Amino acid sequence: MAKLLGADSIISKLPEGLDTLLFKDYDVSGVNLSGGEGQKIAILRALFKQSEIMILDEPTAALDPDAEKKIYEGFEMLTRGKTAIYISHRLASARYCDVILVFKDGRLCEQGSHEELIGMDGEYKRLYRIQADYYAD
Numbered sequence: 001m002a003k004l005l006g007a008d009s010i011i012s013k014l015p016e017g018l019d020t021l022l023f024k025d026y027d028v029s030g031v032n033l034s035g036g037e038g039q040k041i042a043i044l045r046a047l048f049k050q051s052e053i054m055i056l057d058e059p060t061a062a063l064d065p066d067a068e069k070k071i072y073e074g075f076e077m078l079t080r081g082k083t084a085i086y087i088s089h090r091l092a093s094a095r096y097c098d099v100i101l102v103f104k105d106g107r108l109c110e111q112g113s114h115e116e117l118i119g120m121d122g123e124y125k126r127l128y129r130i131q132a133d134y135y136a137d
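Per UniProt numbering, the sequence shown runs over residues 1 to 137.
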C-alpha cells in the first residue's frame, strides 16, 4: 500500500515508522513533513486502521499530479469493502466515486454518477466545465 502511494521512502525515514508523531505544531517531538508527505501518511493510517467508514476531506489537495493520479487510480482498491465519503472541490476526482452528492448554498441539489450528472445539464456539469476549461488548449 505504501509503495502504491509512493510513501514507502517517507516511512523508512520516520523514526517510529507510521507511528511517528507528525508536525511539531501538534507535538514538540513531531516530525515536520511537506503537506503532500503528510497527506500520504494520513491516507495510509486511515487504510491500515481498517475502519468500515472512511471520510477523506480533500485528500489529494497537497499532492503533486503524479501522486494524485496514483491515489485516484487506486481509490477503488483502497476503499473496497468500505464506505468512503470523499469530500472534494476537485471534480475530476469525483469520476472515481459511485455516487456524487452536489451541494449548493448548503443544500443537496443533485446526486448521481459522473455520467448521470453530466447528462443532467445542472450544477455539477456547470462546475465541472469551469474546472475543465483550465486544462483545455
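Idealized CB from N, CA, C, for every residue including glycine. Keep in mind that this is a model prediction, so the values were computed, not measured.
Is it buried or exposed for residue i, if we count other Cβ within 10 angstroms and need 16 for buried?
| i | result |
| --- | --- |
| K13 | exposed |
| P15 | exposed |
| T83 | exposed |
| F75 | buried |
| H89 | exposed |
| I41 | buried |
| E68 | buried |
| A136 | exposed |
| Y26 | exposed |
Under 9 angstroms, do residue i and residue j count as touching if we go by C-beta distance?
| i | j | result |
| --- | --- | --- |
| G36 | A2 | no |
| I71 | L5 | yes |
| L108 | V99 | no |
| A46 | L33 | no |
| P65 | Q39 | no |
Could you give the residue range of the beta strand (DSSP E) that holds residue i?
| i | result |
| --- | --- |
| D57 | 53 to 57 |
Say whether chain B places a C-beta atom closer than 9 angstroms to the C-beta of residue i.
| i | result |
| --- | --- |
| I55 | Note that chain B does not occur in the displayed structure, where there is just one protein chain. |
From which residue to which residue does the alpha helix (DSSP H) around residue i run?
| i | result |
| --- | --- |
| Q50 | Note, Q50: premise wrong, no alpha helix (DSSP H); not H, not E. |
| S12 | 8 to 13 |
Using DSSP's beta-bridge definition, name the partner residues of residue i.
| i | result |
| --- | --- |
| V31 | L22 |
message: List, from N- to C-terminal side, the beta strand (DSSP E) runs of 3 residues or more that fit wholly inside the segment 72 to 129.
response: Within the segment 72 to 129, the complete beta strand (DSSP E) runs of at least 3 residues are 83 to 87, 100 to 104, 107 to 112.
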